[in-house]
Amino acid sequence: MSDLNGGREYDPDDDHAFPDERLNEILPQLLTDPEVTTLLEAQNVNAVTRKGYNDHGPKHISIVRNRALRLYELLKRGGCEFNGADEQGLDEADEPVIIVLAATLHDIGHIVHRDEHAYYSIPLASDILDRLLPQFYDTPNAVRVKAETLHAILCHHTEETPLTKEAGVIRVADALDMERGRSRIPYEKGGRGINTLSSQAITDVILREGDGVPVQVEIEMVNAAGVYQVDNLLKAKLKESMLEEEIRIVAINTKSDDSQLVERIEL
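Quick note: the sequence shown, position 179, residue 179 per the numbering used here, numbers continuous.
Here is the structure:
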């Protein structure tokens, strides 16, 4: 994955620390599938229009998918071994496929309701996977990829504990969409809740190789409100993700005169 712009976008032409041929075969079809693209637009209606929450539409999904792949890339570079695909008898090349499918479909349950949406995502994603995966896998392997994808989708919420590192990547990546653009829609509509105000305080999130750990997440903020996103949301997602020892989080207040208390925080 390119390190330009902090590795923000997955580039299929880059050299990666994992087998990418299978992912690069499936990804274009996933991104252009009419049902998937419509679901990603429709899922924002309940979340934003009706409930006034932060963005959960196509932009959020794109950010989560790219950050999940960035996390996965850095973890693989750092020698982290993943267990989900392996324990199903699948190949290493199936790990990024599971991650991309789960990142793309994890929030589609919002079309039913914002509340408990992770559980509604399961049957909806199951139908899509039943249609999509047989184009790339035989039946036994399609079932196994589906199983791991659904597990990762369910565990992006903190109510369920990830049993695979692939699921842990989705859980953490979901929380890494925290810059001020995430709250643009409710903020412009007058939303001033803590989720909106805290994400407005965060200006940048960068993922890079850490010193002594595979991943360092650097979060730049302009005032203390951003601490809520880091401490209450990201920290909760990292807990029991199976990746706690692999990821270091550093939050930096770029306007240190605003509050000396949050000039630099490490988790």
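Don't be surprised by glycine CBs; every beta carbon is placed ideally from N, CA and C. Values in this document were obtained by computation on a predicted structure and should not be read as measured data.
Within its chain, find whatever has a CB closer than 6 Å to the CB of residue i; leave out the 5 residues flanking it on each side and keep chain order.
i: Leu233; result: Ala175
i: Lys237; result: Arg171, Val172, Ala175
i: Leu39; result: Ile108
i: Glu220; result: Thr203, Asp204, Ile252, Thr254
i: Glu92; result: Pro19
i: Leu101; result: Thr149
i: Thr158; result: Ala236
Just grab the DSSP bridge partners of residue i for me.
i: Arg70; result: Beta-bridge pairing links Arg70 to no other residue.
i: Asp24; result: It is worth fixing the name first, because residue 24 is Asn in this sequence and not Asp. In DSSP, Asn24 forms no bridge with anything.
i: Met221; result: Ile202, Asn253
i: Glu323; result: Any property of residue 323 remains undetermined from this structure, which presents the chain solely from 1 to 267.
Go through its chain and collect everything with a Cβ distance to residue i's Cβ below 7 Å, but skip five positions before and after it.
i: Leu207; result: Gly6, Gly7, Arg67, Arg70, Leu71, Leu74, Val215, Val217
Check whether the Cβ of residue i lies closer than 8 Å to any Cβ atom in chain B.
i: Ala225; result: Within the model displayed, chain B is absent; a lone protein chain is all it includes.
For a test of the three-state rule: what should DSSP assign to residue i, helix, strand or coil?
i: Asp204; result: strand
i: Arg144; result: helix
i: Val230; result: helix
i: Glu41; result: helix
Using only the alpha-carbon positions, how far apart do residue i and residue j sit?
i: Gln135; j: Ala142; result: 9 Å
i: Asn54; j: Thr104; result: 17 Å
i: Glu240; j: Gly84; result: 15 Å
i: Asp94; j: Glu244; result: 23 Å
i: Leu27; j: Leu124; result: 19 Å
i: Asp33; j: His56; result: 18 Å
i: Phe82; j: Ile122; result: 22 Å
i: Lys288; j: His16; result: As shown, the chain starts at 1 and ends at 267. That puts residue 288 outside it, with no answer to give.
i: Leu113; j: Asn44; result: Note that residue 113 corresponds to His in the displayed sequence, not to Leu. Taking the straight line from one Cα to the other gives about 10 Å.
i: Arg248; j: Val169; result: 14 Å
i: Glu41; j: Asp13; result: 28 Å
Leaving aside the five residues before and after residue i along the sequence, list all residues of the same chain whose C-beta is less than 8 Å from its C-beta, in chain order.
i: Glu160; result: Ala118, Leu154
i: Ser126; result: Lys146, Leu150
i: Tyr137; result: Val145
i: Glu87; result: Thr164
If residue i and residue j are in contact, beta carbons under 8 Å, what's the gap, nearest whole angstrom?
i: His106; j: Asp177; result: Between Asp177 and His106 the Cβ distance is about 12 Å, and since that is not below 8 Å, they are no contact.
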